[in-house]
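Heads up: the structure comes next, in structure tokens.
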Amino acid sequence: MLEKALSGSKRYWIWVTLLLAVIAVGVLAYMNQFNNGLGVTGMSRDVSWGLYIAQFTFLVGVAASAVMLVLPYYLHDFKKFGKMVILGEFLAIPAVIMCILFIFVDLGQPMRIMNVILHPSPRSVMFYDMIVLCGYLAINLIVGWTTLGAERKGAPSPKWVRPIIYLSIPWAISIHTVTAFLYAGLPGRHLWLSAIMAARFLASAFAAGPAILLILCFIVQKVSKFNPDPEGGAFQSLVKIIRYAMIANVFFYILEVFTAFYSNIPEYSAALRYTLFGLNGYNSLVPIMWVAVVLAFLGIALLVFPSTRLNKVTLIIGLLSIIIANWIDKGMVLIVAGFVPNSFERVVEYVPTLNEILVTLGVYSIGMLLITILYKIAISVREEKAS
Amino acid sequence: MSINRRQFLRRAGMITALGLGSSFVISGFGKKAIAEAAGFEKASNDLPAKRWAMVVDMSKFKTEADYNRVIEACHSLHNVPNFPDTKNEIKWIWEEDYHHAFAGGFNEYLDDHVLHSPFMVLCNHCENPPCVKACPTQATFQRPDGIVAMDFHRCIGCRFCMGACPFGARSFNFKDPRPFIEEVSTEYPTRTMGVVEKCNFCYERLAEGLMPACVEKSNGGLIFGDLDDPNSEVRKIVSTKFTIRRKPELGTQPSVYYLVGGGEHA
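Taken in sequence, the protein lines are chains A and B.
Numbered according to my numbering, the first sequence spans residues 11 to 397.
Numbered according to my numbering, the second sequence spans residues 15 to 280.
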């Protein structure tokens, strides 16, 4: 089926070339980092994780969100999602690959990455994260490829793939739970040391992931003849899922804020204070955190009222608001603020460098290229069947 | 019975997987025997201990020179680079004021002198080290004598241990450290870029029957010994005097104690 990605319109090739160009810039920036060390990033002794690990955290959520289509379709026989499921699975694959790449570019000694397998450490959460991420990648590759291949031949999916599809549901939950455990189990990092961390991660994932998927569906509708929602209603069902997940996410965040501020234990509120109001005169995250707060409520509002959620323009604004709010919260603030204040209650701020941003854009472009190729294959198979 | 090519490949693959798997199991469980067979044994002068610990007697640290002498002894011996900026800074033992070293117990009525009185901080060599648990390659590990050590050749530089350490004891080589070492010591290896490092309680000196470098240069300000031995000086101080530890509420059981009473071990 791969050959489908090798023929396309002029627009398709311009887009692919553009992505390849950004990837090339990213690779060059990474070579600079590889040769000169992580000193070329904004990370420091005090804020030892930054943009890379934050993107990893955000994208694990995007990968897990495929379950929001798989579960209704396969467990509840919600037929309307039939045409969209493959797009969810084909979003999960590039998302997991981007996660692995973000871990890779974050390593100080990337050539030693196989030490994680050579010296397995079952007491480390990272060990389990590796297992669940690789497993999830394999599951989605097998399921996506097999179901699309069967559809192309006009045959039902083989029977052996069913158990794997069912396995993908708890597995999706597990990838984001284990990722939350990376942070939630560390003593002395009070922003992360919270029992609700995994639940919050899942809620934000099930809001941002399907929102990205829906935007992709709109693009698919625009650039191809394939309609992911032929009967109508599938998109609006997904909008409901996004809305409730986002409401749960905001609710969980408010729970964190209440516990930290009402208990008034300084260590518990210090990081939240830093992100929302600034601490000891340092406030570089405050403006973008409030942007996230405003966008979160705007996004929910636009997805609640029928007039705005049924209007495509306001719907897209709402979806983008939710994606950006979640990205700021999880793809930036949560990881960085976990290190602020540091173990000595001193505030050391973090700002990513240009080199770091270019590497990040490079990884995202690899992901977008993979999405483009996989979606192209899926769309071509569907168009071929329709004609 | 004849087999076709496909069956042959399948069986060959299964046997190979079985062989690799069992060799892994054997090597995984027999590390000690392998080390002995390879001729690695305990150094003859090695000081025996069940749990190395340190007491910092604050009454002995009076002037800036008292701190610098100790820091210099450690950093020059261990080839700790001297980066001009705090962003890439590497430190094994350093000075931190009371207010920040014992973060969490802020009392606004404390005298400025108390709040800003300097303390010596270093890796606590915790009994339950969160960094060891976090490490995905066992590059940081706990020795039988309680020392939390690092294998610089195994470390992948993921910095999970830095997130896990509640004491800010770990540094990462963001840049190649070698150009920033003023005088290279031959007593301890230099590090490569991209790995984490920290205080090692001078295990290389303990193996030769010597006390840690900082202890030797502290004029009695740092007392080192086996906490498990009831007759050791550290044990006597810890069991009879009032000592404090950093963040004891986290349950990591730090092995560095601070004697704050003053006087001849108070």
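Note that CB positions come from ideal geometry on N, CA and C, so glycine has one too.
From a predicted model like this one, the values you see are computed outputs, not experimental measurements.
Below-7 Å beta-carbon distance, residue i vs any chain B residue
i	result
Gly341/A	no
Gly198/A	yes
Gln463/A	Any answer about residue 463/A is impossible in this case: the structure gives chain A only from 11 up to 397.
Glu277/A	yes
Met136/A	yes
Glu393/A	no
Ser294/A	no
Glu366/A	no
His129/A	yes
Asn150/A	no
Glu359/A	no
Gly118/A	yes
Arg283/A	no
Leu111/A	no
Phe354/A	yes
Asn274/A	no
Of the residues the options, the one placed nearest residue i, counting alpha carbons only
i	options	result
Glu99/A	Phe114/A, Met78/A, Ile113/A	Met78/A
Phe186/B	Arg259/B, Pro193/B, His113/B, Cys175/B	Cys175/B
Thr189/A	Leu177/A, Arg210/A, Val35/A, His200/A	Arg210/A
Gly235/B	Lys64/B, Val70/B, Trp66/B	Val70/B
Leu344/A	Ile326/A, Leu29/A, Leu329/A, Ser204/A	Ser204/A
Tyr228/A	Asp339/A, Leu329/A, Ser273/A	Correcting the residue identity first, residue 228/A is Phe in this sequence and not Tyr. Among Asp339/A, Leu329/A, Ser273/A, the Cα nearest to that of Phe228/A is on Leu329/A.
Ala76/A	Thr269/A, Val106/A, Ala388/A, Ser375/A	Val106/A
His200/A	Ala388/A, Val346/A, Val369/A	Val346/A
Leu39/A	Glu266/A, Leu325/A, Gly372/A, Pro120/A	With the sequence shown as reference, residue 39/A is identified as Ala, and Leu is not the correct amino acid for it. Closest by alpha carbon: Gly372/A.
Leu124/B	His92/B, His113/B, Met134/B, Lys101/B	His113/B
Leu151/A	Leu81/A, Ala73/A, Thr370/A, Leu282/A	Ala73/A
Ile185/A	Val153/A, Ser167/A, Ile149/A	Ile149/A
Trp202/A	Val358/A, Phe287/A, Tyr385/A, Ser279/A	Ser279/A
Leu352/A	Asn290/A, Asn274/A, Ala208/A	Position check: residue 352/A holds Asn in this sequence, whereas Leu was assumed. Considering only alpha carbons, the answer is Asn290/A.
Phe245/A	Leu147/A, Val95/A, Ala15/A, Gly52/A	Val95/A
Ile63/A	Ile381/A, Ala396/A, Ile367/A	Ile367/A
Arg249/B	Arg65/B, Val135/B, Leu32/B	Arg65/B
Residue i classed as buried or exposed, judged by whether at least 16 other C-beta atoms fall within 10 angstroms
i	result
Lys169/A	exposed
Thr200/B	exposed
Ile264/A	exposed
Ile334/A	buried
Lys340/A	buried
Asp116/A	buried
His130/B	exposed
Ala26/B	exposed
Asp87/A	exposed
Spatial distance of residue i from residue j (CA atoms)
i	j	result
Val303/A	Asp240/B	53 Å
Ala280/B	Lys255/B	Confidence at Ala280/B is low in this model, with a pLDDT of 44, below 50, so its placement is unreliable and the value that follows should be read with caution. Those two C-alpha atoms are separated by around 7 Å.
Asn214/B	Asp165/B	11 Å
Phe155/B	Asn125/A	15 Å
Ala221/B	Pro158/B	13 Å
Ser247/A	Ala215/A	17 Å
Gly242/A	Lys90/A	8 Å
Asp56/A	Glu103/B	10 Å
Asn259/A	Arg205/B	44 Å
Pro173/A	Leu325/A	36 Å
Ile252/A	Phe68/A	16 Å
Lys76/B	Arg219/B	27 Å
Arg21/A	Glu355/A	53 Å
Lys235/A	Leu16/A	18 Å
Leu111/A	Glu196/B	37 Å
Asn274/A	Met342/A	25 Å
Leu85/A	Leu320/A	27 Å
is_contact[residue i, chain A] using C-beta, thresh 7 Å
i	result
Pro262/B	no
Pro144/B	yes
Ala148/B	yes
Ser185/B	yes
Pro98/B	no
His114/B	yes
Ile258/B	no
Gly27/B	no
Met176/B	yes
Phe181/B	yes
Met207/B	yes
*Which parts of the stretch 51–102 of chain B are runs of the alpha helix (DSSP H), unbroken and 4 residues or longer, counting only runs that do not cross its ends?*
78–91
_alpha helix (DSSP H) runs wholly inside the stretch 191–275 of chain B, at least 4 long, in chain order_ = The stretch 191–275 of chain B contains these whole alpha helix (DSSP H) runs: 217–220, 227–230, 247–254.
_Runs of alpha helix (DSSP H) wholly within the stretch 101–180 of chain B (minimum 4 residues, chain order)_ = 112–115, 126–129, 144–148, 174–178
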